[in-house]
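These notes concern the structure reproduced below.
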Amino acid sequence: MAVTLGFGIAVSGGRDNPHFTSGDPAVVISDVVPNGPAWGLLQVNDRILSANGVSFESIDYSSAVDIIKNAEHINMIVKRRVAMPIMEFEQRTLKFTLSKSRKKDDFGIVLGCRFYIKEIRNPKLAEKDPGLREGDSVLRVNGQSVDGSTLEEVNKWLERSRDKLCLVIQRDVRRGASRWPSQNTVYERGAHRATYRGSQSYGLNEVIVHARNIG
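Shown next, in the form of structure tokens:
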């Protein structure tokens, strides 16, 4: 049971009263009284690491309450989950022209079933900026769109290429990234499309709180 203390907060948890779903024994802020001493400083679900220099790791609930309740002033360190900004990406289309050093060699790549670069056998292809990357989506092979083609057909296009192979690929890059200076690639204008990748992520932030007991 959470008890509202003189600092305008209520806490829950502790070694003898772990979270009912996760089993986490941490002491956490369960309520913050509006306009109280801790209002604007602490937040619900803040995890208390220490109070007035006393570690709250593995502490039981009653001991945690006594430390906070009997203090006139409190210096509290809490750990807080903070939302990290979602990185914005845009898709850029690149054109690559690959050359064989010897005619009997292949071009050093293997296409996957959705027309992406599944494997790069020649590491030099990835060394330049931007360079090919495993996972790059393949849009065109030697000027021919891969739309509606089978994997077998597209692989035959690769096999029929002699000295040079021209690929147009697409990948997600962070918005604002510099344009690639490599002379072996051609950046096609008009291919920008803003997208968001993934879900909101969280980081942990330590907060030091100074408050005065008004109880």
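For the sequence shown, UniProt numbering gives the first residue as 1, with consecutive numbering after it.
We treat Cβ as the ideally placed atom computed from N, Cα and C, and that holds for glycine.
Practice task
Under the assumption that Met76 contacts Ile48 (Cβ atoms under 8 Å), give the Cβ distance between them as a whole number of angstroms.
Solution key: 6 Å
Handout entry: Complete beta strand (DSSP E) runs within the UniProt domain "PDZ" (1-71) (minimum length 3 residues, chain order)
Key = 9-13, 27-32, 47-51
Problem - Beta-carbon proximity check, Glu152 vs Glu134, cutoff 8 Å - result: no
Problem - Cβ pair Val78, Phe115 closer than 8 Å - result: no
Problem - Simplified DSSP state of Lys103, which is helix, strand or coil - result: In the structure shown, Lys103 sits in coil (DSSP, three-state: anything other than H, G, I, E or B).
Exercise for the section: May I ask which residues mark the beginning and end of the alpha helix (DSSP H) holding Leu158? Expected result: 151-160
Handout entry: Short Cβ contact (8 Å threshold) for Val65 with Val11
Key = For Val65 and Val11, yes; Cβs fall inside 8 Å.
Handout entry: Bounding residues of the beta strand (DSSP E) (the contiguous stretch that carries Glu134)
Key = Per DSSP, Glu134 belongs to no beta strand (DSSP E) and is neither H nor E.
Exercise for the section: Quick one: residues in its chain with C-beta nearer than 7 Å to the C-beta of Asp105, no 5 flanking neighbours on either side, listed in chain order? Expected result: Excluding sequence neighbours, Asp105 sits near nothing in its chain.
Exercise for the section: Quick one: using the 10 Å Cβ neighbour count with 16 as the cut-off for buried, is Gly8 buried or exposed? Expected result: Counting of Cβ neighbours within 10 angstroms places Gly8 among the buried residues, the total reaching 16 or more.
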